[in-house]
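Protein chains in written order, with this note's numbering: chain A, 420 to 710; chain B, 110 to 281; chain C, 69 to 871. Positions of the beta carbon are idealized from the N, C-alpha and C atoms, including for glycine. Notes for the one structure printed next.
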Amino acid sequence: MTSYALFLGCTIPARQPHYELSARKALTKLGIELVDLENMTCCAPPPLQSIDLETSLAIAAYNICLAEEADLNIVTLCTGCFESLAIANHLLKEKPELKAKVNKILANAGKEFKGNKEVRHFLQVLMNDVGVNRIKMDVVKPLDKLKVAAFSGCHLIRPSELLHFDDPERPRIFDTLIEALGAKSIPYKNKLRCCGGLLRGYADDVALAIARDKIINAHNAGADCISTLCPFCFLTLDLGQMLIKTTYKEEYNMPIIHYAELLSLSLGVDPKELALEFHKVKTDTVLEKIS
Amino acid sequence: MTEEKLEKPTIEDFSREITRMLGGETITYCYQCGTCASSCPVAKTTDRYNPRQIIRMALLGQRYEVLNGDSIWLCASCYNCQERCPQKVEIADVIYALRNMAIREGNIPALYAEFANGLMSEGRLAPISKFLEKKRSDYGLPPLKPTGVEALKKIFSATGFDKIFFKKGEQP
Amino acid sequence: MEEAKVGVFLSDCGGQISKILDFEALAEFVKKVDGVTFVARSSEFWRGQGLKTITDAVKSGKINRAVVAENVPKISEIVIAKAVEEAGLNPHLVEVLDLKDHCAWPHRDAPSEATEKAKAMLLAAIEKAKLLEPIDKAEFPTVKSVLVIGGGIAGMQAAEDLAEMGFQVHLIEKEPFLGGLAAKAGRFFPTDDCAICIQSPTVDLKTVTHTSRKCVYRSGFSEIPNLNVLTNSKVVKVEGVPGNFKVTLERRPRYVSEEKCVACDLCTSVCPVEVPDDYNAKLSTRKAIYVNKPLVYPAAYVIDEKACKFHECAKCVEVCPAKAIDLDQKTEYVTLNVGSIIVATGFREYNPNVIKEYHYSEYPDVITHLELARMLDAFGPTKGMIVKPSNGKPAKRIVFVQCVGSRDRRWNPYCSSICCMISLKHATLIKTAHPDADVTICYIDIRTTGREHEYYYEKARELGVKFVKGRPAEILHDPATNTLIVEVEDELLRRLLELETDLVVLATAMVPSEETKKLAEILGLELDQDGFFKEYNAKLRPTETKRRGIFLCGGATFPKDAPTASLHAHSAAVKAAKFIMQGKIVKDLKTAVVNEDYCGNCQFCPVTCPYGAITLEPKENKHFVAHVSELLCEGCGICVGTCPVGAIELRHLKQDQIAAQMRALLSVNGTPKPLILAISCSECGNAAVDSSGMAMMNYPANVRVLRVPCTGIVQVRHILEAFKAGAQGVMVVGCKPDGCHYEVGSQKAKKKVELAKMLLNAYGIEPERLEMFNLVYIEGDKFAEAAKNMTEKVEKLGVLQLA
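What follows is the structure, given as C-alpha cells:
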C-alpha cells in the first residue's frame with residue numbers, strides 16, 4: 420500500500436470538512452494510506468510570502484522536514500499548500516546556496532532540509548499512484564449525465580517551470596480524471612483564468628467581479644457544476660454566489676463541487692456521509708443526476 | 110513630491126534594491142511588451158492594477174509610489190503573467206519582493222497582519238472553531254494533531270519575522 | 069650554417085629620438101657585441117637611402133643578418149623584408165625593433181635610463197638575429213571550382229558571380245527547385261517588386277546589357293555558363309584540404325529527367341494522388357508529380373516520393389510524351405573536387421506552436437507570414453485573395469502579431485530583424501489592394517533601420533494601418549461567429565483591448581535552416597549561440613569562417629532581407645574567388661615543426677590547436693607522432709605552449725631565441741628599479757605597448773618587452789627562466805580572453821600563469837611577482853599603468869633571492 424503524509428493546511432480543517440471527508444474516503448477506497456503527522460503548520464501561502472519570502476520558504480521547508488523525518492512523501496488537498504510546498508521543495512533541491520541559507524534558519528528549530536522527499540497534490544496521487552484505469556474500474560455510479568466545468572485553480576499548474584504538474588496552457592490531467600468518472604469535462608471561456616480568491620479581504624469588489632466572470636462562463640457553457648481542487652477557489656465561487664446575489668442581484672445556482680466529492684460519489688459513498696451541508700449553493704441538482 | 114521620494118530618487122538604487130531581494134532578481138529583464146497586463150485577470154477587471162506599469166514605475170525609480178500605493182496588493186498571484194512573459198521576468202515573485210519591501214516600510218494591509226498574527230500564535234492562519242471540531246468528530250474525522258507553533262517561533266526570530274510586527278505595533 | 073654577420077641599423081627618427089637616447093653610446097655598444105659586422109645610423113631605414121644602406125650591405129656580403137631599430141615597425145618590417153629578399157637574403161633573417169615607442173617616448177623623462185634599456189633591447193635583437201634561420205616558402209595547389217550550398221537568393225547570386233568570373237560552380241539545393249525562401253516571399257521590400265526574378269541572371273548573357281535586372285521570362289538561370297545546378301542534393305562528407313576539397317553529395321531521385329522533361333503538364337492531369345501543397349503552405353493541393361508555380365528552375369517536374377504510388381499506378385509514365393519519367397531512379401552519390409565552399413543555407417520560419425496561447429495549430433485562421441505571402445501571390449493557392457483558411461471566405465480584418473518566438477528568452481532570445489518590415493510590407497500590400505480592410509499591427513518595438521524602411525512605416529500609417537503597442541497575451545476563438553479575439557494591452561492608452569478579427573498573422577522568429585547543425589559538423593564550422601553559422605570576425609571577415617576556403621553568406625549567418633543577402637553573397641563570392649584564383653596558395657613556412665624523436669603521442673596538441681592543423685600520424689611499431697599541416701598552421705605557437713616534452717617548436721621563434729632575448733633584455737638594468745619582463749603577444753598585447761609609447765604615456769625603463777606571436781606559446785618554464793635570468797617580476801600581456809587573434813591563446817596563457825603562480829608559491833617566491841594583463845590597442849594607458857603598478861608592487865616585495 421502506498422502511504423503519504425497528509426498535509427491538511429489551514430482552510431480545509433477550519434472550514435471545509437467535506438473536502439477532507441471525501442478525500443479520505445476516496446483515497447482509502449483506492450488503496451492509499453494517509454498518515455497524519457504531528458507538528459505540521461501552515462504552508463506559508465501567498466499572504467505570508469507577501470510579508471516575507473524567506474520566512475515563508477523556511478516554514479514550507481520545515482513542514483517538508485517533518486515528512487522527511489517520517490520517511491513519507493507529502494500529499495496535499497489544497498492547491499495553495501501544494502504550490503507553497505512544491506516550490507520550496509523544488510527551489511531548495513535545485514539551489515544549494517538557498518538551501519544552505521534556509522537550513523541555517525531551520526537549525527534554530529532543530530531541523531535540516533535534506534531534499535529526499537516529494538510533494539504531490541491529491542490529483543497526482545490519483546493519476547500516478549492509483550491510475551486512471553483503476554479509477555474507471557472502481558466507479559460504481561458513473562457520472563455520465565454530468566457536464567462538469569473543470570477548474571483546477573492556478574497554483575496547481577503555474578508556475579509550470581517550478582511545479583511541472585501539467586502543460587500550463589493545455590492541462591489535461593484534471594479533465595482526464597473527470598472523464599474517468601464518466602462525466603463530461605466541458606470547454607468554457609477562460610477556463611484557466613484565476614478565480615480572484617486571493618484578493619478577498621483586500622479588494623472584495625475585484626475578487627467578486629473575477630469570480631462572477633468564472634460562474635457566468637461555466638453557466639453559459641451549460642455546466643451542471645464547477646469542479647474544484649482548492650479550498651480557496653471553492654470558497655470564492657461557492658460563497659461568492661451568495662455575494663453575487665446581493666451585489667449584482669443575479670442568481671446562478673451553480674454548484675461548486677470538489678473533485679474529491681465527485682470521486683467519492685462515483686465510488687459509491689453515501690452522500691449523507693460527505694457533509695454536503697457545508698456547500699452554500701445546494702448540490703441537489705448534481706446528486707439528482709448521479710442516482 | 111514627498112520627502113521620502115526625494116531622499117531615494119535614483120533609478121539604479123531602486124531597481125538594484127529590488128534585484129537583491131528574494132523574488133526580485135529578474136525585474137530588469139523587462140522590456141515592457143505588455144504580455145503580463147493582457148494576461149492578467151485583475152487588470153481586466155480593474156484599472157487599479159497593471160503589472161507592466163508597476164514594473165515600469167519600479168524601473169524608473171518611483172520607489173515611494175510603488176511601495177506606498179495600493180497597486181502591489183492587487184496581484185492575485187495567479188502566475189499567468191509569469192508563465193507567459195517572453196523575457197522570463199518572474200513577475201508574481203517581483204510583486205512579492207515589492208510587498209516584502211513595502212511591509213518593511215510599515216505599509217501592511219490589515220488582512221495580512223491578521224494572518225501573520227494567527228500564524229504566530231496558532232501555527233495556522235485560521236482558527237478551528239468549537240463547532241467545526243464537533244462536526245469533525247460527528248463525521249468520524251480524526252482529531253487534529255497539534256501544530257508546531259513553537260518551532261515556528263524559533264524560525265520567526267531567526268529571520269526577524271516577529272520584529273516586522275513589533276515595529277508595526279510601535280506605529281501610531 | 070655560415071657564421072652570423074649582423075648589421076645593426078639605427079634610425080634616430082630625424083633626430084627626434086636621439087634627443088633622448090644617446091645614439092653615440094648605442095653605436096659604440098653594438099659595435100662591441102660579438103657577431104656585429106656593420107653599424108649604420110640614419111634618420112630612417114625603411115625607405116630611400118636608408119633602405120639602400122641595408123640592401124647594399126647585404127649585396128656586398130658584409131652582413132647576413134639585419135637588426136633594424138626602426139619606427140613604425142609593423143610596416144617597416146614588411147618593407148625591409150621584401151627589400152632584403154630582393155637583395156638576396158632570406159627575409160626571415162631580419163629583426164626589427166622599435167626604440168621610439170617602446171623606449172624613447174615612454175621613458176623620455178629619464179634619458180640615461182632609456183639609453184641603458186635601448187642597449188638591452190638592441191642586444192636582445194642581435195642575439196636573436198644570430199640564431200635566426202632562413203624560412204622557405206611553400207605552395208599549395210587550389211582547384212578553380214566552387215561549391216555553393218543552398219539555392220536561395222544568396223546562393224544563386226554568389227554562384228552567378230563566380231560562374232561569370234570563370235570558375236566552375238556547383239550549386240546544390242536540397243529541395244527539387246531553386247529559389248528558397250525568397251521565391252516563396254512573393255514580393256520584396258522595400259521595392260515591392262516580384263520575387264521570382266531572383267531566379268534569372270542579373271545580366272543578359274547574350275547582350276551583356278546593364279539593366280537593373282532581367283525578368284525571368286526573358287532569361288533563365290540555366291543559361292549561365294560554368295554553372296552546374298544539382299537539386300534534391302545535400303552534402304554528406306567533406307574531405308581534403310582548403311583549396312582542394314573532396315565533397316560527397318547525396319542526390320535524391322527526381323524520377324523525372326531534367327534534360328528530357330518538356331513541362332507539358334500531361335502527367336499532372338493523369339496523376340490520381342492529391343496532397344496538400346507544402347510550397348503553398350498547405351493552403352491548396354497538388355499532385356504527386358508536380359512543379360512549383362511557373363518559372364522555376366529546373367523547369368522539370370518532380371515526383372513526391374511520400375505521395376506517389378509508383379508502379380502501382382505509373383499513369384504518368386504512360387502519358388509522358390518525352391519519356392522523361394523513370395520510377396526506378398535511385399539515390400546517387402556524387403563526388404566533387406572544389407577549391408572553395410560557400411554555405412548559403414538560409415533560414416526558416418520558426419514553428420509558432422510552442423507559444424500555445426496563440427493556438428497556431430488549433431485555429432486555422434492563425435497563420436504565419438509565409439502562409440500570408442503565399443496567399444498574396446497571384447500564382448498562389450488563393451490567387452492573391454486574402455481568405456480565412458477555416459472557411460475560404462474573404463478576411464476583412466487582419467491582426468499582425470510581432471515577435472512570436474523571437475525576442476523571447478524561452479525560445480529565441482534574439483530579434484529576427486526582418487519581421488517588422490515583412491509585416492509592414494504585407495500590411496501596406498493589403499491596404500493598397502483593399503482600402504476597406506481593417507489592419508492592425510501589435511508590436512513591442514517597430515524596427516525599421518534599413519534604407520527606405522522608415523518610409524514604409526510612414527506609408528502604412530498613411531494607408532490607415534493601425535498600430536497597437538503591446539504584445540498579445542492570448543488569441544481566443546469564438547466558435548459562434550468563427551471570429552478570433554486578440555487580447556492585448558494598448559500600452560500607450562493603458563487599456564486592455566479585445567481585437568476581433570478574421571485572420572491573425574504571426575510574425576514568427578526566423579531560425580537556422582534544418583540540418584544546420586549537421587552541416588556544421590560535416591564542414592567543421594562553428595555555430596553561434598543562436599544556432600547560426602559563425603563568421604570569423606563580424607567586423608572584418610563577415611563572410612569568412614575559421615576554416616580556410618569555406619565561406620558564408622545570406623541567412624545562414626542571421627536572418628536577412630533580400631538586399632542584405634545579395635550584398636553578403638557578392639562578398640562571399642569575392643572571398644571564395646580570391647582564395648582560389650591564383651591556382652595556388654603561397655605561404656611562408658612560419659609554422660610549427662615536430663621533433664618526432666621527442667613526441668610522446670600525448671594528444672594534447674591536436675586538441676589544443678585552434679586550426680585543426682595537427683593530426684596524429686601513424687609511424688612504424690604502432691607509434692603515433694604529431695604532424696603539423698603546413699597549410700593550416702597559423703604559427704601561433706599555442707601547441708608549443710601545450711607540449712609537455714618540448715617536442716614542438718616554431719620555425720620563426722625557437723626556444724633558444726626566446727632564451728637569448730630574455731637573457732639580453734635582463735642583462736643591463738641602468739635604472740634603480742627592479743627589472744620586470746613583459747612577455748607580450750604580437751597582436752593586441754604589443755599593440756597596447758606600442759600605443760602607450762605613441763601616446764607618450766610614461767612608465768619606468770626597468771620594464772622590458774619580449775614579443776612572442778601569441779601568449780599561448782608561454783610555458784611555465786619561460787616564466788621560471790625569466791626569474792632565473794634576473795627578472796624581479798613578470799608580466800604576461802595578451803589579447804582579451806574572448807578577443808585572442810588565435811582564438812584560445814590568451815585563455816591558455818591565463819591558465820599557465822595561474823599554474824606558475826602556484827609553483828612560485830611552492831618555491832617560496834611571491835606569486836604577486838607574476839601577473840597576466842589582457843589589453844587592446846586603445847588601452848596603452850592601461851599598459852603604462854600596469855607597468856608602473858607592477859614596478860611599485862615588486863619594489864615593495866624587495867629583492868628576489870633565488871636559492
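*Taking 8 Å as the CB-CB limit, is Y376 (chain A) close to chain B?*
Chain A is shown from 420 up to 710; residue 376 (chain A) falls before or after that span and cannot be answered.
*Measure the C-alpha to C-alpha separation of L408 (chain A) and S147 (chain B) and round it to an integer number of angstroms.*
The structure shown does not extend to residue 408 (chain A), since chain A is modelled only from 420 to 710, so the question has no answer here.
_Local conformation of T625 (chain C) per DSSP, three classes_ = DSSP places T625 (chain C) outside both helix and strand once states are collapsed to three, so it counts as coil.
*asked:* Using the three-state DSSP reduction, which class does T128 (chain B) fall into: helix, strand or coil?
replied: helix
*Cα-Cα, which of C:N132, C:L700 and C:C381 is closest to L161 (chain C)?*
C:N132
_For Q280 (chain B) and C187 (chain B), I'd like the C-alpha separation in whole angstroms._
Because the pLDDT of Q280 (chain B) is 42, which lies under 50, any placement of that residue in the model is unreliable, and the number read from its coordinates should be weighed accordingly. Approximately 32 Å, taken between the alpha carbons.
*In whole angstroms, what is the alpha-carbon distance linking Q543 (chain A) and K242 (chain C)?*
47 Å
*I493 (chain A) and Y438 (chain A) closer than 8 Å at C-beta*: For the pair I493 (chain A) and Y438 (chain A), the CB atoms are not nearer than the 8 Å cut-off.
*Using the rule of at least 16 other Cβ atoms within 10 Å of the residue's Cβ for burial, across every protein chain shown, is E96 (chain C) buried or exposed?*
exposed
*With a 10 Å radius around its C-beta and 16 neighbouring C-beta atoms as the bar for buried, classify E116 (chain B) as buried or exposed.*
With a pLDDT of 49 at E116 (chain B), under the threshold of 50, the modelled position of this residue cannot be trusted, and the question is left open.
*Cβ separation of I410 (chain C) and A793 (chain C), assumed to be a contact under 8 Å, to the nearest whole Å*: Not really, about 51 Å apart at Cβ, beyond 8 Å.
*Counting only runs of 3+ residues fully inside the stretch 674–741 of chain C, write out the beta strand (DSSP E) ranges in chain order.*
682–686, 692–696 and 716–718
*Does the beta carbon of L564 (chain C) sit closer than 8 Å to a beta carbon anywhere in chain A?*
no
_Can you check whether the C-beta of G178 (chain B) is within less than 8 Å of a C-beta belonging to chain C?_
no
*Compare the beta carbon distance of Q267 (chain C) and L246 (chain C) with 8 Å and say whether it is the shorter of the two.*
yes
*With 7 Å as the limit, tell me which residues of the stretch 183–217 of chain B have their beta carbon closer than that to any beta carbon of chain C; keep them in chain order.*
R193, P195, Q196 and K197
*May I have a chain-ordered list of the beta strand (DSSP E) segments no shorter than 3 residues that lie completely inside the stretch 402–431 of chain C?*
408–411 and 415–417
*Note down the Cα distance separating E568 (chain C) from N550 (chain C), rounded to an integer number of angstroms.*
10 Å
_Here's the rule I'm using: 16 or more other beta-carbon atoms within 10 Å means buried, otherwise exposed. How should L560 (chain C) be labelled?_
exposed
*Excluding the five sequence neighbours on either side, which residues of its own chain have a C-beta within less than 6 Å of the C-beta of A211 (chain B), listed in chain order?*
Around A211 (chain B): L176.
*Alpha carbon to alpha carbon, how far is E228 (chain C) from I292 (chain C)?*
7 Å
_If I measure Cβ to Cβ from G257 (chain B) and keep anything under 7 Å in the same chain, skipping five residues before and after, which residues do I get?_
G232
*Can a CB atom of chain A be found closer than 8 Å to the CB of V175 (chain B)?*
no
_If we define contact as Cβ-Cβ less than 8 Å, is E887 (chain C) a contact residue for chain A?_
With chain C covering only 69 through 871, there is no way to say anything about residue 887 (chain C).
*Taking the alpha helix (DSSP H) that L228 (chain B) falls in, what are its first and last residues?*
A219 to E231
_Closest by C-alpha distance to R529 (chain C), when choosing among C:R176, C:L492 and C:M730_ = C:L492
*Beta bridge counterpart(s) of Y607 (chain A) as assigned by DSSP*: Y607 (chain A) pairs with nothing; no bridge assigned.
*Among the residues of its own chain, which have a CB less than 7 Å from the CB of S759 (chain C), if the five just before and after it don't count?*
Y845, I846 and G848
*Straight-line CA distance for K136 (chain C) to T413 (chain C)?*
In the sequence as presented, Lys is not what sits at residue 136 (chain C); that position holds Val. Cα to Cα, the separation comes out at about 50 Å.
_Am I right that E181 (chain C) and A769 (chain C) are in contact with their C-beta atoms under 8 Å? What's the rounded C-beta distance?_
4 Å
*For the putative contact between L648 (chain A) and H677 (chain A), defined by C-beta atoms under 8 Å, what is the C-beta separation to the nearest angstrom?*
7 Å
_Neighbouring residues, chain C, relative to T144 (chain B) (Cβ below 7 Å)_ = R539 and A541
*Which residue comes first and which comes last in the alpha helix (DSSP H) that contains P394 (chain C)?*
For the sequence presented, residue 394 (chain C) should be read as Asp rather than Pro. Run containing D394 (chain C): none; DSSP gives neither H nor E here.
*Might you give, ordered along the chain, the residues of its own chain that have their beta carbon closer than 8 Å to the beta carbon of N639 (chain A), omitting 5 neighbours on each side?*
Y607 and K608
*Measure the alpha-carbon distance for N482 (chain A) versus S604 (chain A) and round it to whole angstroms.*
34 Å
*Straight-line gap, F600 (chain C) to L587 (chain C) (C-alpha atoms, nearest Å)*: 11 Å
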